[in-house]
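Protein chains: 2
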Amino acid sequence: MFQVNDNYQKLPGSYLFSTIGKKVNAYAQANPDRQIIRLGIGDVTQPLAPAIIQALHRAVDEMGNAETFRGYAPDLGYEFLRSAIVENDYRARGCEIATDEIFVSDGAKSDSGNIQEIFSLDNRIAVCDPVYPVYVDSNVMAGRTGTYDAQKEMWSDVIYMPCTMENGFVPEFPKETPDVIYLCLPNNPTGTTITKEQLQSWVDYANKAGAVIIYDAAYEAYISEDHVAHSIYECEGAKTCAIELKSFSKNAGFTGVRLGYTVVPKELKCGEVSLNAMWARRHGTKFNGAPYIVQRAGEAVYSAEGKAQLKEQVAYYMRNAAAIREGLEDAGYTVFGGVNAPYIWLKTPKGMTSWEFFDYLLEQANVVGTPGSGFGPSGEGYFRLTAFGSYENTVAALERIRKL
Amino acid sequence: MFQVNDNYQKLPGSYLFSTIGKKVNAYAQANPDRQIIRLGIGDVTQPLAPAIIQALHRAVDEMGNAETFRGYAPDLGYEFLRSAIVENDYRARGCEIATDEIFVSDGAKSDSGNIQEIFSLDNRIAVCDPVYPVYVDSNVMAGRTGTYDAQKEMWSDVIYMPCTMENGFVPEFPKETPDVIYLCLPNNPTGTTITKEQLQSWVDYANKAGAVIIYDAAYEAYISEDHVAHSIYECEGAKTCAIELKSFSKNAGFTGVRLGYTVVPKELKCGEVSLNAMWARRHGTKFNGAPYIVQRAGEAVYSAEGKAQLKEQVAYYMRNAAAIREGLEDAGYTVFGGVNAPYIWLKTPKGMTSWEFFDYLLEQANVVGTPGSGFGPSGEGYFRLTAFGSYENTVAALERIRKL
Chain A
1 MFQVNDNYQK
11 LPGSYLFSTI
21 GKKVNAYAQA
31 NPDRQIIRLG
41 IGDVTQPLAP
51 AIIQALHRAV
61 DEMGNAETFR
71 GYAPDLGYEF
81 LRSAIVENDY
91 RARGCEIATD
101 EIFVSDGAKS
111 DSGNIQEIFS
121 LDNRIAVCDP
131 VYPVYVDSNV
141 MAGRTGTYDA
151 QKEMWSDVIY
161 MPCTMENGFV
171 PEFPKETPDV
181 IYLCLPNNPT
191 GTTITKEQLQ
201 SWVDYANKAG
211 AVIIYDAAYE
221 AYISEDHVAH
231 SIYECEGAKT
241 CAIELKSFSK
251 NAGFTGVRLG
261 YTVVPKELKC
271 GEVSLNAMWA
281 RRHGTKFNGA
291 PYIVQRAGEA
301 VYSAEGKAQL
311 KEQVAYYMRN
321 AAAIREGLED
331 AGYTVFGGVN
341 APYIWLKTPK
351 GMTSWEFFDY
361 LLEQANVVGT
371 PGSGFGPSGE
381 GYFRLTAFGS
391 YENTVAALER
401 IRKL
Chain B
1001 MFQVNDNYQK
1011 LPGSYLFSTI
1021 GKKVNAYAQA
1031 NPDRQIIRLG
1041 IGDVTQPLAP
1051 AIIQALHRAV
1061 DEMGNAETFR
1071 GYAPDLGYEF
1081 LRSAIVENDY
1091 RARGCEIATD
1101 EIFVSDGAKS
1111 DSGNIQEIFS
1121 LDNRIAVCDP
1131 VYPVYVDSNV
1141 MAGRTGTYDA
1151 QKEMWSDVIY
1161 MPCTMENGFV
1171 PEFPKETPDV
1181 IYLCLPNNPT
1191 GTTITKEQLQ
1201 SWVDYANKAG
1211 AVIIYDAAYE
1221 AYISEDHVAH
1231 SIYECEGAKT
1241 CAIELKSFSK
1251 NAGFTGVRLG
1261 YTVVPKELKC
1271 GEVSLNAMWA
1281 RRHGTKFNGA
1291 PYIVQRAGEA
1301 VYSAEGKAQL
1311 KEQVAYYMRN
1321 AAAIREGLED
1331 AGYTVFGGVN
1341 APYIWLKTPK
1351 GMTSWEFFDY
1361 LLEQANVVGT
1371 PGSGFGPSGE
1381 GYFRLTAFGS
1391 YENTVAALER
1401 IRKL
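Going line by line, the protein sequences match chains A and B.
First residue of the first sequence: 1, per our numbering; consecutive thereafter.
First residue of the second sequence: 1001, per our numbering; consecutive thereafter.
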């Protein structure tokens, strides 16, 4: 008789966004005259840039013609895209990354869930708290996290690194030594980040401890400050300890297009075993490449027109971020993030829990955000608003909050 | 100090297609005047059908417009595509499958590699021999296959079900009881299949043994005989024991477009645990949906124009299959497959090994095929040719083989 992977049964329900959905729907039905503004989910709203639309149309036409039709893509991704990535995301920043260290995928979510597969089940992981839930959940499914304490909302074998206003949202080196360290910087959900110097100290720590850093740079395009690194490979020694995940979702609006990539340097080894070779084997066995047309869209992100158009798109969202930040500060809130990331993280007022503030904001201002406690226990007492709405809605939402 | 997943190191090198590539390149360089015809890899060559191209262009335009732009897709896939699948692939064949039993993905290769994750590491898998290598390799990576015998090319904990001319390529119930049974029907690489009645006996066997069948129906569109099932759910009782994988690669030429789906019936349970819920959780945690534009292309596969155009495309390839079959038979070869699948499986002549015949065919006829031994030990002494070339090339290749 077959048996299932018991680790799945250990996972607590994933209720955050479904609970939000239910509460919003119930409120909307009871109050059909109210116009609800959603600044909750981290999904983009601006259409794809013209340069990308043109590239997609061109690639579609190629697929309809026998001479230019493309079947199976190369495992690692097309050379044209990997070269553009190497040139623009690395060489231009002084990082020497080779094209065969780039693995093109269907998105950073898949990569961040799958990357744990190449590590031993005995390895101990460390995560920032609060953070994107996929890192922990994918390790739960693999059986790497021990037992769950429902009251603390913590796993016995996961090392949590609290990031709160008390430590300026900078993760501290944990007491126990981790084997695999997940860093999402700029961070989702807090919208905060650390300096290049602080990141260098994490690289040094990992190299000394023999740990691997999984560096999720999904929000890199939103960095506005000079002392913040765009890639972990800007730090000395990162190639012997770090894997970097990149997404096209937030810099180019590809949440529904699906494209990402992972960098696994050839210097990253466990004894004689190359992690680059392992990830290549995983890619070749369980994945069949990103769509040709989508890879051409990715290439267009790095064209002169694409870059100019996407710079405007990022600026559009960051104008929203500034409006939220300033609007909340004017209204007396304590606010973080929003400078190097499209997320604003606010301290809930008057000691409200994250969910109490959610209800308050929904009912009093008809604005939807995300309770911070949904991202980890240290998110309790915080609340996330995103800059991905339209400017008009963002301004209107802030107007309402200011009037509370 | 971090450690890697040791199971990866147990995998023997994956040399089949790279060795073919090297041999072909060496021959081509030494004989620049010879025109080589490739009937080796299972990749399509016909361009996407006009109905699909139109759907792609329409969807691209939607993505360029703020009113019709789509961000994150629903986890399971868009309702429009899942409804079309249910209606055309199931209801039209008398199978009652619900839309929430369909999980749209980026292709059957990903699904066939990932599906093992929801089973216990103690489970014993059974595979046909020869077969598509991903089933075994993905279980090796998970640690489910024991030790490798390099001489026999077999894993100690895998149950092999030889499919050879002696048993008419029909897998027999194994002596040891498996927990998870992989069936790829019509089969890659043999191009053979079994009757609906024989498939029913496998469903009965699985239900009695408490085993799950992973049914890979990637080549379903090529079935031409009435007594062959298009879906395992045509068999009584399949919903309590079978997961079905489907691809758009071969019926619609999507090898470079990437789309597939998996059916996990709600009746499929281990005690109280629903495999449908488990797969939904995996999908929601480690995957972020197939691209919107690609899902619209998938929808067009089921439109009246799409169906008519793809029927022609399949007929085009099957004309090649018939030409290969008949040409080889005329030339005195013993030939299988090619009736319900785009693959022709031939017995190598004069006791040649698969690789000896590969060299012979490359050097004497300048035709490239795939050595059967690359798909499993029982493939030794066989050879695969595919019908996915152009008709002109296929006919020319057969002309050359006939003259040998």
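Cβ coordinates follow ideal geometry from the N, Cα and C atoms, glycine included.
Just so you know, these numbers come straight off a predicted model, no measurement behind them.
Q: Identify every residue that forms a DSSP beta bridge with residue 128 (chain A).
A: Here residue 128 (chain A) is taken as the residue at index 128 of the first sequence, counted from 1. In DSSP, residue 128 (chain A) forms a bridge with A:161.
Q: Examine the Cβ distances between the stretch 1003-1013 of chain B and the stretch 104-121 of chain A and report whether three or more of them are shorter than 8 Å.
A: yes
Q.
Please tell me whether residue 1303 (chain B) and residue 1051 (chain B) are closer than 7 Å, where the distance is taken between their beta carbons.
A. For the purposes of this step, residue 1303 (chain B) is taken as residue 303 along the second sequence, with counting starting at 1. For the purposes of this step, residue 1051 (chain B) is taken as residue 51 along the second sequence, with counting starting at 1. Taking 7 Å as the Cβ cut-off, residue 1303 (chain B) and residue 1051 (chain B) qualify as a contacting pair.
Q | Own chain residues within Cβ distance below 7 Å of residue 1043 (chain B), not counting five before or after | A | Taking the second sequence and counting its residues from 1, one reaches residue 1043 (chain B) at position 43. These residues qualify, in order along the chain: 1255 and 1388.
Q. Count the other CB atoms within 10 Å of the CB of residue 1001 (chain B); is the residue buried (16 or more) or exposed (fewer)?
A. Taking the second sequence and counting its residues from 1, the one referred to as residue 1001 (chain B) is at position 1. When all chains shown are included, residue 1001 (chain B) counts as exposed.
Q | One or two residues paired with residue 1384 (chain B) in a DSSP bridge | A | By one-based count along the second sequence, residue 1384 (chain B) stands at place 384. Paired residues: B:1345 and B:1370.
Q) In terms of residues, what are the limits of the alpha helix (DSSP H) holding residue 33 (chain A)? A) Working through the first sequence from its first residue, we reach residue 33 (chain A) at position 33. Where residue 33 (chain A) is concerned, there is no enclosing alpha helix (DSSP H), given that its DSSP letter is neither H nor E.
Q: Tell me the start and end of each unbroken beta strand (DSSP E) in the stretch 1149-1207 of chain B that is at least 3 residues and wholly inside, in chain order.
A: 1158-1162 and 1180-1184
Q.
For residue 57 (chain A), would you say it is in contact with chain B, using Cβ-to-Cβ distances shorter than 7 Å as the test?
A. Stepping through the first sequence from its first residue, residue 57 (chain A) is reached at position 57. Output row for residue 57 (chain A): interface = yes.
Q.
Let's see if you can read the secondary structure: which residues bound the alpha helix (DSSP H) around residue 113 (chain A)?
A. Against the first sequence, residue 113 (chain A) aligns to sequence position 113. Per DSSP, residue 113 (chain A) belongs to the alpha helix (DSSP H) from 108-114.
Q) Among the residues of its own chain, which have a CB less than 7 Å from the CB of residue 194 (chain A), if the five just before and after it don't count? A) The sequence position of residue 194 (chain A) within the first sequence is 194, counting from 1. Within the same chain, residue 194 (chain A) has close Cβ partners 170 and 185.
Q) Going along chain B in order, which residues have a C-beta closer than 7 Å to the C-beta of residue 294 (chain A)? A) Translated into the one-based positions of the first sequence, residue 294 (chain A) becomes position 294. By Cβ distance, chain B contributes 1291.
Q | Bounding residues of the alpha helix (DSSP H) (the contiguous stretch that carries residue 1105 (chain B)) | A | For this step, residue 1105 (chain B) is matched to residue 105 along the second sequence. Unbroken run through residue 1105 (chain B) is the beta strand (DSSP E), 1102-1105; no alpha helix (DSSP H).
**Q.** Interface residues of chain B facing residue 134 (chain A) [CB-CB closer than 8 Å]
**A.** Translated into the one-based positions of the first sequence, residue 134 (chain A) becomes position 134. Near residue 134 (chain A) (Cβ distances below 8 Å), the residues of chain B are 1285 and 1286.
Q) If residue 961 (chain B) and residue 286 (chain A) are in contact, beta carbons under 8 Å, what's the gap, nearest whole angstrom? A) Since the first residue of chain B shown is 1001 and the last is 1404, residue 961 (chain B) is not available in this structure.
Q.
Contact between the stretch 1303-1312 of chain B and the stretch 1142-1153 of chain B is defined here as three or more beta-carbon pairs at a separation below 8 Å; is this criterion met?
A. no
(Q) Tell me which residues of the stretch 59-80 of chain A have at least one Cβ-Cβ distance to chain B shorter than 7 Å, keeping chain order. (A) 60, 63, 64, 65, 66, 69, 70, 71, 72 and 73
(Q) Going by C-alpha to C-alpha distance, which of A:134, A:126, A:18 and A:131 sits closest to residue 181 (chain A)? (A) Numbered from its first residue, the first sequence carries residue 181 (chain A) at position 181. Nearest C-alpha to residue 181 (chain A): A:126.
**Q.** Any C-beta of chain A under 7 Å from that of residue 1257 (chain B)
**A.** Position 257 of the second sequence, counted from the start, is the residue given in the question as residue 1257 (chain B). Chain A contact via Cβ: present.
Q. Contact check, residue 348 (chain A) vs residue 382 (chain A) under 8 Å by CB: the rounded distance?
A. In the first sequence, residue 348 (chain A) corresponds to position 348, counting from 1. In the first sequence, residue 382 (chain A) corresponds to position 382, counting from 1. 7 Å between Cβ atoms; contact.
Q) Which chain B residues are close to residue 5 (chain A), counting only those with a beta carbon under 7 Å from its beta carbon? A) Counted from its first residue, the first sequence places residue 5 (chain A) at position 5. In chain order: 1117, 1118, 1119 and 1120.
Q: Could you have a look at residue 68 (chain A) and say whether DSSP puts it in helix, strand or coil?
A: Position 68 of the first sequence, counted from the first residue, corresponds to residue 68 (chain A). Here residue 68 (chain A) sits in coil by DSSP.
Q. DSSP puts residue 38 (chain A) in a beta bridge; with which residues?
A. To locate residue 38 (chain A), count along the first sequence from 1; it is residue 38. DSSP lists A:368 as partners of residue 38 (chain A).
Q | Interface partners of residue 106 (chain A) on chain B, CB under 7 Å | A | Counting from one through the first sequence, the residue named residue 106 (chain A) turns up at place 106. Within 7 Å Cβ-Cβ: 1106.
(Q) Comparing C-alpha positions only, which one of B:1183, B:1188 and B:1160 sits nearest to residue 1175 (chain B)? (A) Counted from its first residue, the second sequence places residue 1175 (chain B) at position 175. It is B:1160.
Q) Rounded to a whole number of angstroms, what is the C-alpha to C-alpha distance between residue 1210 (chain B) and residue 1243 (chain B)? A) Here residue 1210 (chain B) refers to the residue found at position 210 when the second sequence is read from its first residue. Here residue 1243 (chain B) refers to the residue found at position 243 when the second sequence is read from its first residue. Rounded to whole angstroms, residue 1210 (chain B) to residue 1243 (chain B) spans 14 Å at the Cα level.
Q: If I'm right that residue 1102 (chain B) touches residue 1076 (chain B) with Cβ under 8 Å, what's the distance once you round it to whole angstroms?
A: On the second sequence, residue 1102 (chain B) is found 102 positions in, with the first residue counted as 1. On the second sequence, residue 1076 (chain B) is found 76 positions in, with the first residue counted as 1. Yes, residue 1102 (chain B) and residue 1076 (chain B) are in contact; Cβ-Cβ is about 7 Å, under 8 Å.
Q) If residue 1338 (chain B) and residue 1322 (chain B) are in contact, beta carbons under 8 Å, what's the gap, nearest whole angstrom? A) In the second sequence, counting from the first residue as 1, residue 1338 (chain B) sits at position 338. In the second sequence, counting from the first residue as 1, residue 1322 (chain B) sits at position 322. Right, the Cβ-Cβ distance comes to about 7 Å (below 8 Å), so this counts as a contact.
Q) Skipping 5 residues on each side, what residues in its chain have a beta carbon closer than 7 Å to that of residue 396 (chain A)? A) Walking along the first sequence from the start, residue 396 (chain A) turns up at place 396. These residues qualify, in order along the chain: 37.
Q) Taking Cβ-Cβ distances shorter than 8 Å, what residues in chain A pair up with residue 1406 (chain B)? A) In the structure as shown, chain B begins at 1001 and stops at 1404. Residue 1406 (chain B) is therefore absent and cannot be evaluated.
Q) Is the shortest distance between the beta-carbon of residue 48 (chain A) and the beta-carbons of chain B less than 7 Å? A) Your numbering for residue 48 (chain A) matches position 48 in the first sequence. Interface residue, yes.
Q: Buried or exposed for residue 391 (chain A), please, with buried defined as at least 16 other CB atoms from any protein chain shown within 10 angstroms of its CB.
A: The residue labelled residue 391 (chain A) in the question sits at position 391 within the first sequence. The residue is exposed, with fewer than 16 neighbouring Cβ atoms inside 10 Å.
Q.
Can you give me the C-alpha to C-alpha distance between residue 1016 (chain B) and residue 65 (chain A), rounded to a whole angstrom?
A. To locate residue 1016 (chain B), count along the second sequence from 1; it is residue 16. To locate residue 65 (chain A), count along the first sequence from 1; it is residue 65. Residue 1016 (chain B) and residue 65 (chain A): Cα-Cα distance of roughly 30 Å.
Q) Can you tell me whether DSSP reads residue 250 (chain A) as helix, strand or coil? A) Against the first sequence, residue 250 (chain A) aligns to sequence position 250. If DSSP states are grouped into helix, strand and coil, residue 250 (chain A) belongs with the helices.
Q: Per DSSP, which residues does residue 1263 (chain B) bridge with? Please list them.
A: Taking the first residue of the second sequence as 1, we reach residue 1263 (chain B) at position 263. B:1102 and B:1244.
Q) At least one CB of chain B closer than 7 Å to the CB of residue 482 (chain A): is that the case? A) With chain A running from 1 to 404 in the structure shown, residue 482 (chain A) is simply not present.
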